[in-house]
Amino acid sequence: MSKAVRFDEYGGRDVLRVVDVPVPEPGEGQVLVQVRAAAINPGEAKIREGALHDRFPATFPSGEGSDLAGVVVGTGPGVDGFAAGDEVLGFTDERASHAEHVLVDAANLTAKPPNVSWEVAGSLAIAASTAYAAVRAVSLRPGDTVAVSGAAGGVGSVAVQLARREGADVLGIAGPANHDWLVGHGIKPVAYGDGLAARLTGLDAFVDTHGDGYVRLAIELGVAPDRINTVADFAAVAEYGVKADGSFVKSAALLAELAGLVADGVLEVPIAATYPLTEVRAAFEELERGHTRGKIVLVP
Ligand SMILES: NC(=O)c1ccc[n+]([C@@H]2O[C@H](COP(=O)([O-])OP(=O)(O)OC[C@H]3O[C@@H](n4cnc5c(N)ncnc54)[C@H](OP(=O)(O)O)[C@@H]3O)[C@@H](O)[C@H]2O)c1
């Protein structure tokens with residue numbers, strides 16, 4: 000048997016259970032991975048609460064989780080790129096990675112570079128690919144000034160670094176506890192709260208990872224809609240015609256590229272905390288406080 004997170008109804012963190020399930024058997028094109036690290040994401044909390052029922056409904060009992068890194072323990076027919084013992088990272092679209100074992104389509108896996116930690120490898124699929132998409136969407140050129148809201152969160156902490164790599168001047172909107180981390184990565188920290196608009200001058204582009212009015216602010220500051228991307232405010236997408244590129248770009252090839260940047264020491268994915276699988280409720284309690292720097296990771 001193997002442990003996996005399940006929930007049987009929409010609700011708060013108390014609907015999350017860790018149950019024993021049979022170890023799944025890999026089918027055609029599938030790889031069975033023993034999970035070493037699987038990050039958690041705010042979207043998973045929203046799905047579990049039922050807040051995304053219209054767009055991403057759950058069927059019960061539901062599993063949870065997309066991000067994963069681990070060791071291959073078996074392969075199904077037709078898989079020739081992976082073998083037992085391989086260290087891999089990737090994703091599942093089946094809401095299943097918050098578990099000791101997960102079946103993954105071979106096409107959604109890539110090799111884990113040896114010098115990338117399990118925690119970071121298991122954090123890249125959703126947050127880092129979303130950051131990649133969001134930065135690409137606003138078409139940065141050297142010398143542009145871009146602001147990033149939620150600049151030290153799971154998506155934002157990667158977005159600010161990728162924007163910097165494009166040669167942009169990056170204003171990172173974050174709470175004071177994150178300002179030193181931002182400065183250390185060449186980002187100009189900007190405090191949110193009263194008077195924020197006056198602290199955001201000369202913007203060419205805006206990457207919103209927080210929602211809650213940042214798109215409207217960017218429009219009011221004169222940023223063109225096609226140079227604004229939000230991953231958190233879909234009402235603003237409809238209202239202002241801004242972009243909403245996000246995790247749908249994720250692929251094994253993109254994850255290989257992002258993992259390579261980490262391996263080369265040019266991209267940091269901060270790990271705020273790790274929790275054993277059995278403490279999945281506590282992990283989400285910390286995430287849902289809304290001030291995570293980088294990622295929170297389950298380590299089964
Ligand atoms: N569309 C997609 O494909 C997609 C994919 C991934 C995530 N998302 C969404 O993107 C959002 C962010 O996800 P995440 O994983 O980065 O979340 P996260 O790791 O929980 O980060 C939250 C960040 O928000 C910051 N924050 C809190 N209050 C703020 C404020 N008033 N102004 C600016 N920043 C503030 C916090 O920074 P401080 O500690 O500095 O306050 C924290 O670093 C969520 O809504 C998530 O659902 C969408």
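Throughout the sequence shown, residue numbering follows numbering that gives the first Met the number 0, covering 0 to 299 in sequence.
Just so you know, even glycine gets a beta-carbon here, dropped at the ideal spot from N, CA and C.
By Cβ distance below 8 Å, which residues in the same chain neighbour Lys45 in space, the five residues on each side in sequence not counted? By one-based count along the sequence shown, residue 45 stands at place 46. The answer, listed in chain order, is Leu51.
Stretch pair the region 169 to 189 + the region 237 to 249: three plus CB contacts closer than 8 Å: no
Best match in Glu8, Phe6, Val206, Asp7 for proximity to Gly245 [C-alpha to C-alpha]: Here residue 245 corresponds to residue number 246 of the sequence shown, with the count starting at 1. Measuring from the Cα of Gly245, the nearest candidate turns out to be Val206.
Based on DSSP bridge pairs, tell me the residues matched to Gly73. Taking the sequence shown and counting its residues from 1, one reaches residue 73 at position 74. Note: Gly73 sits in a beta bridge opposite Leu31.
Let me check you understand the geometry: is the CB of Arg94 closer than 7 Å to at least one non-hydrogen atom of ligand 1? To locate residue 94, count along the sequence shown from 1; it is residue 95. No - ligand 1 has no heavy atom lying nearer than 7 Å to the Cβ of Arg94.
Is any heavy atom in ligand 1 found nearer than 7 Å to the beta carbon of Arg292? For this step, residue 292 is matched to residue 293 along the sequence shown. Yes, Cβ of Arg292 sits closer than 7 Å to a heavy atom of ligand 1.
Taking only the alpha-carbon atoms, compute the straight-line gap between Gly11 and Gly166 and give it to the nearest angstrom. Here residue 11 corresponds to residue number 12 of the sequence shown, with the count starting at 1. Here residue 166 corresponds to residue number 167 of the sequence shown, with the count starting at 1. Approximately 42 Å between the Cα atoms of the pair.
Taking the CB atoms as reference points, tell me whether Val147 and Val169 lie closer together than 8 Å. Here residue 147 refers to the residue found at position 148 when the sequence shown is read from its first residue. Here residue 169 refers to the residue found at position 170 when the sequence shown is read from its first residue. Yes.
Contact belief for Ser310 with Arg54 at Cβ below 8 Å, rounded distance in angstroms: In this structure the chain extends from 0 to 299, so residue 310 is not present and cannot be described.
Within the present structure, is the beta-carbon of Ala126 separated from the nearest heavy atom of ligand 1 by less than 7 Å? Taking the first residue of the sequence shown as 1, we reach residue 126 at position 127. Correct: Ala126 has its Cβ closer than 7 Å to ligand 1.
Could you give the uninterrupted runs of the beta strand (DSSP E) lying entirely in the region 127 to 154, keeping only those of 3 residues or more? 144 to 148
Enclosing beta strand (DSSP E) for Ala372 [first to last residue]: With the chain running from 0 to 299 in the structure shown, residue 372 is simply not present.
Identify the residues that DSSP records as bridge partners of His209: which are they? Translated into positions along the sequence shown, residue 209 becomes position 210. BP columns for His209 are empty, so no partner.
Residue interval of the alpha helix (DSSP H) (run including Phe283): Along the sequence shown, one-based indexing puts residue 283 at 284. It spans 279 to 287 - the alpha helix (DSSP H) in which Phe283 sits, taken as one unbroken run.
Let me make sure I understand the geometry here. Which of Gly142, Gly171, Phe6 has the alpha-carbon closest to that of Ala95? Here residue 95 refers to the residue found at position 96 of the sequence shown. When each option's Cα is compared against that of Ala95, the closest is Phe6.
Coarse secondary structure for Ile125, derived from DSSP in three states: Locating residue 125 in the sequence shown gives position 126, counting from the first residue. Three-state DSSP puts Ile125 in a helix.
Report the option in Val296, Glu27, Phe90 whose CA atom is closest to the CA atom of Asp79. Locating residue 79 in the sequence shown gives position 80, counting from the first residue. Ranking Val296, Glu27, Phe90 by Cα distance to Asp79 puts Glu27 first.
Secondary structure at Pro86, three-state DSSP: helix, strand or coil? As a working mapping, residue 86 is identified with position 87 in the sequence shown. In the sequence under discussion, the amino acid at residue 86 is Glu, which differs from the Pro named in the question. Correct three-state label for Glu86: strand.
Between Thr74 and Val22, which are expected to be in contact by the criterion C-beta below 8 Å, what is the C-beta distance as a whole number of angstroms? Locating residue 74 in the sequence shown gives position 75, counting from the first residue. Locating residue 22 in the sequence shown gives position 23, counting from the first residue. Actually they are not in contact, since the Cβ atoms of Thr74 and Val22 sit about 14 Å apart, beyond 8 Å.
Local conformation of Pro175 per DSSP, three classes: To locate residue 175, count along the sequence shown from 1; it is residue 176. Three-state result, Pro175: helix.
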